[in-house]
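Below is one structure; the comments refer to it alone.
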Amino acid sequence: MSNGDITFHTRKWVRPEDLNANGTLFGGSLLRWIDEEAAIYAIVQLGNGLAVTKYMSEINFVSSAVQGDLIEMGLTATHFGRTSLTMRAEVRNMFTRESILTIEKIVFVNLGADGKPAPHGYDTITYDRDRVPTKHLEQFHPQD
Ligand SMILES: CC(C)(COP(=O)(O)OP(=O)(O)OC[C@H]1O[C@@H](n2cnc3c(N)ncnc32)[C@H](O)[C@@H]1OP(=O)(O)O)[C@@H](O)C(=O)NCCC(=O)NCCS
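Each number in our numbering comes from the position in the sequence shown (counting from 1) with 15 added on.
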C-alpha cells in the first residue's frame, strides 16, 4: 500500500515483549524494526548485501500503539548519492490509522568487500527485484 511516495512493506503485531513500562510500544523495538526494514530496502535498491546505517535524523514519535495493535512500516528513497542512499520512513498504526512516527532522513552507505564506502552506480528507485543480490559474502557461499 502506498502513501504518497511511501510504500508500506512490513507489518508487525505488537506483542508483550515490545511494550514499555507505560504499556505502550517500546521505542527501541520500533527502531530495531525500522533499521532492519531500511537495511532490506537499501540492499534491494543498491544490489549489495553490504550496506550499513550511517545516519538517522530526528525521530518524531507522534502517537503510539498498544498490545495487539498492528503497525505498518514504509520507506522510500529520497536521494541516491555516490556511495549512499537516503530514505524517508513512516510508521503508522493500522487500527487507529494514525501516524506513529516519521524519520525524514535515514542514510545507508554501500560498502565494498574491504568495508569501505563504494560507488553503487544507481540513481533511481527500482520497484522490481532486478537488483537483489544472488548471493551474499564469499565466505558464506565459498562454493559459488
Ligand atoms: C559507513 C562508514 C564506512 C562511512 O565512512 P565515512 O568515512 O563516513 O565515508 P565517507 O565520508 O566517504 O561518506 C560515505 C557516504 O556517507 C555520507 N555521509 C557521511 N556522513 C554522513 C552524515 N553524517 N549524514 C549523512 N550522510 C553522511 C557521505 O555524504 C557519503 O555519501 P555519498 O558518497 O553518496 O556522497 C563509516 O562511517 C562506518 O563504518 N560507520 C559505522 C557504520 C555501522 O557500523 N553502522 C551500523 C550501526 S552501528
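We treat Cβ as the ideally placed atom computed from N, Cα and C, and that holds for glycine.
- In the three-state reduction of the DSSP assignment, P132 falls in the strand class, which pools E and B.
- In this structure, A36 lies away from F123, with their beta-carbon atoms at least 9 Å apart.
- Checking the 8 Å criterion, the Cβ of S114 is out of range of every heavy atom belonging to ligand 1.
- About 6 Å separates the beta carbons of I86 and M109, which is inside the 8 Å limit, making them a contact pair.
- If you check the CB distance, I49 and I140 do not come in under 9 Å.
- Residue pairing by DSSP leaves N63 without any beta bridge partner.
- A straight line joining the alpha-carbon of D84 with that of V29 spans about 5 Å.
- A distance of 9 Å or more separates the beta carbons of V106 and S99.
- Exclusion of the five residues before and after Y137 leaves Q60, L61, F95 as the residues of its chain whose Cβ lies within less than 7 Å of its Cβ.
- The C-alpha of S72 lies about 23 Å from the C-alpha of R26.
- A Cβ closer than 5 Å to some heavy atom of ligand 1 marks a residue here, and those residues are V67, T68, K69, Y70, G96, R97, T98, S99, V122, V124, P132.
- In the three-state reduction of the DSSP assignment, I58 falls in the helix class.
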